[in-house]
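As given, the protein sequences belong to chains B and W, one line each in that order.
Here numbering that gives the first Met the number 0 is used: position 100 in the first sequence is 99, and no number is missing along the way.
Here numbering that gives the first Met the number 0 is used: position 381 in the second sequence is 380, and no number is missing along the way.
Each residue gets a CB set at the ideal place from its N, CA and C atoms; glycine is no exception.
Fair warning: this is a prediction, and the values are worked out from it, not measured in the lab.
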Amino acid sequence: MEKIEVELLSLIENNSNLEIEKIAKMIDRSEEETRELIRKLEEEKAILGYSAVIDWSKVHNYEGVTAMIDVKVQPARGVGFDKVAERIYRFPEVKAVYLMSGAYDLSVSIEARTMLEIGKFVSEKLSVLDSVLSTTTHFVLKKYKHDGIIFDNDNDDKRIVVSP
Amino acid sequence: MTSFVSQRIQELKPSGIRRFFDLASQMENVISLGVGEPDFVTPWNVIEASYHSLEQGYTAYTANAGLIELREEVSKYLKNQYEAVYQPQNEVIITVGASQAIDIALRAVLNPGDEVVVVAPSFVSYAPAVELAGGVPVMLYTDPDDKFKLRPDQLENVITKKTKAIMICSPNNPTGTVLSRDELIAISEVIEKYNLLVLSDEIYAELTYDEEYSSFASLPGVKERTILISGFSKAFAMTGWRLGYAAGPQDIIAAMTKIHQYTIMCAPTMAQYGALEALRNGKKAVQDMKKSYKQRRNFVVKTFNEIGLSCDMPGGAFYVFPSIRETGLSSDEFAEQLLKEEKVAVVPGNVFGENGEGHIRCSYAASLQQLDLALKKIEKFIGKRI
Ligand SMILES: Cc1ncc(COP(=O)(O)O)c(C=O)c1O
């Protein structure tokens, strides 16, 4: 991948909302070229989507729980962990699935409205899968940082208005 | 009653930046492009190292010239980064910002009445620092049409029998102009011919975007007549830490250390520990900030030109210095009216020397959103005037 493409990717990774016009100026390319670069990166699936990081705790009356579940599985012959991972990540309430080294095999992150719902997911959907040997559920108490973005950050500019 | 304030200080002109600061700080919700410092917070590992030094109980004075470990790191850094070779034991001193390095360097070398060439537009402290040291600043006004680059013949024209030194700043505050190695060599030939000393302020050396940076101190044959001045404020986003350094000939560094010893004792210890970490493990953070400045520079320069203020692409630092001639306003009027009408603070170019007139200094050390908003407001402001 070219340097300019990496630069473009890191720019939109930090702010996927950035207008083409601004990106073009910042990376010193024409708007046409920039649009073309982005289209190419989307086609190559280097860019998979554009999302916003939301602090849902700011939303009035919003109830939500996040849990991280450590899952031990019995890998299936021929396909290893991939098939069981797929069966897990296809559930819409699952936000992330990673294959881990160490004490367990899959890390599953899930979001639901209540703790009860998460309990139901674990007991009725996850643990009953044939290859799942055990699960350990951890509830998230507070989000400090997510996807590189610090929540509740005091971002105020501490500099005086004019300085040498 | 007569004032007790010394004549020298009474005669010293207050900084034009100060006046503007007073004006701007009385207003609320100002978008500021008037700052000469990074908008990043100091890299966390540096803050951590400083905390740690306090926890370990390093709360006492260090050697007058600074922690030897830090001088060793500075010396390694100057050699690796800029091919400038200095002995940590006796050719490097750690100071309270580049500001103090400039002050004690001038005091260490000037006799009363010695002339010092100040290449303008210049950082606001140079000429007053020369005066405070008993010298006479001689302003050398570079040409906007030459991108404010210092030409050897201009230098030759202002040299007199009394000229002792010249202050060079590349990349420059406020113009962002960077001098190439060839340009520096041409200047160094004049400097050698007239046996001058050079104070090379290289505080923005890390922040060059297009070409490899050349340090004056790395030129052939100039080492014995060069004091390299730098610090941690800009590249490492450490303005409030007040830490800088100078490297130069042994006798001058010894003389500077003498003044430093009697006036400051040593630079703050916890800041020195922070700086040590910055040099040892700060490269990635510097590169990341630099990348971001470059993107913002491109954005700001292109937008200024689009909205009708002609603006050169500067090679370094984090300032642009667009021309405002089209508006028919003086730089003071422009900055003051812009502040009052649109609440955007910029610095009038004339505070950096009379050839800065017709320009404003805008710092792009601000978030993209702030820059975008400020530029929209400037566009609106000049729309009524061009
Ligand atoms: C050219 C130049 N030299 C020196 C300084 C002072 O730096 P320090 O914070 O290290 O005293 C500045 C700060 O604005 C500057 O622009």
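- Taken through DSSP and simplified to helix, strand or coil, A253 of chain W comes out as helix.
- With a contact defined as Cβ atoms closer than 8 Å, V189 of chain W and P248 of chain W miss out at about 20 Å.
- Residues of the stretch 23-37 of chain B with a C-beta atom less than 8 Å from some C-beta of chain W are K24, M25, I26, D27, listed in chain order.
- Within 10 angstroms of the beta-carbon of E114 of chain W lie 16 or more other beta-carbons, which makes it buried.
- Proximity of the stretch 127-134 of chain W to the stretch 94-111 of chain W meets the contact definition, three or more beta-carbon pairs being nearer than 8 Å.
- One thing to note: L105 of chain B has its Cβ within 9 Å of the Cβ of D69 of chain B.
- With its beta carbon at least 9 Å from every one in chain W, D129 of chain B lies outside the interface.
- Proximity of chain B to S24 of chain W at the Cβ level (cut-off 9 Å) is accounted for by I159, V160, V161, in chain order.
- Look at the stretch 76-142 of chain W and you find these whole runs of beta strand (DSSP E), each 3 residues long or longer: 91-94, 114-119, 135-140.
- By the criterion of a C-beta distance shorter than 6 Å, P173 of chain W is surrounded in its chain by P120, Y318, F320, F351, R360, once the five residues flanking it on both sides are discounted.
- E85 of chain B sits away from F120 of chain B, with the two beta carbons spaced by 9 Å or more.
- A Cβ-Cβ separation of about 5 Å places S31 of chain W in contact with V160 of chain B under the 8 Å criterion.
- With respect to chain B, the C-beta atom of A277 of chain W has no partner C-beta closer than 9 Å.
- When Cβ-Cβ separations below 9 Å define contact, F298 of chain W makes contact with chain B.
- The beta carbon of I16 of chain W falls within 9 Å of a beta carbon belonging to chain B, placing the residue at that interface.
- In this chain, the alpha helix (DSSP H) harbouring D81 of chain B covers 81-88.
- If you compare the alpha carbons of W:S52, W:Q6, W:M0 with that of G273 of chain W, the shortest gap goes to W:S52.
- Here the C-alpha atom of T159 of chain W lies approximately 18 Å from the C-alpha atom of L198 of chain W.
- Bounds of the alpha helix (DSSP H) holding V299 of chain W are 282-306.
- Residue-level contact check: S124 of chain W touches chain B, since one or more beta carbons of chain B fall below 9 Å from its beta carbon.
- Pairwise C-beta distances place the stretch 364-371 of chain W out of contact with the stretch 43-50 of chain W, as fewer than three of them are shorter than 8 Å.
- Shortest gap from the CB of D38 of chain W to any heavy atom of ligand 1: 8 Å or more.
- Interface residue (Cβ-Cβ distance to chain B less than 9 Å): D371 of chain W is classified as such.
- The beta carbon of I16 of chain W is closer than 7 Å to those of V123, V346, V350 in its chain, skipping five residues each way along the sequence.
- Scanning the stretch 52-80 of chain B for uninterrupted alpha helix (DSSP H) segments of 4 residues or longer gives nothing; none is fully contained.
- The stretch 206-216 of chain W makes contact with the stretch 177-185 of chain W; the number of CB pairs closer than 8 Å reaches 3 or more.
- Close partners of D38 of chain W in chain B (Cβ separation under 9 Å): D156, R158.
- Per the coordinates, the alpha-carbon of E223 of chain W lies some 14 Å from the alpha-carbon of K192 of chain W.
- The beta-carbon separation of S214 of chain W and L227 of chain W, rounded to 7 Å, stays under the 8 Å limit for a contact.
- Remark: fewer than three beta-carbon pairs, one from each stretch, lie closer than 8 Å, so the stretch 289-306 of chain W and the stretch 138-146 of chain W are not flagged as touching.
- Take the alpha-carbon of T41 of chain W and the one of E340 of chain W: they are about 33 Å apart.
- In this structure E182 of chain W is in contact with K148 of chain W, their Cβ atoms being roughly 6 Å apart against a cut-off of 8 Å.
- In summary, H259 of chain W is buried, with 16 or more beta-carbon neighbours lying within 10 Å of its beta-carbon over all protein chains present.
- Contact of K21 of chain B with chain W by beta-carbon distance below 8 Å involves F298, L367, D371.
- Residues of chain B whose Cβ lies closer than 8 Å to the Cβ of T302 of chain W are, in chain order, K24.
- Here N44 of chain W is near G281 of chain W, since their CB atoms are less than 9 Å apart.
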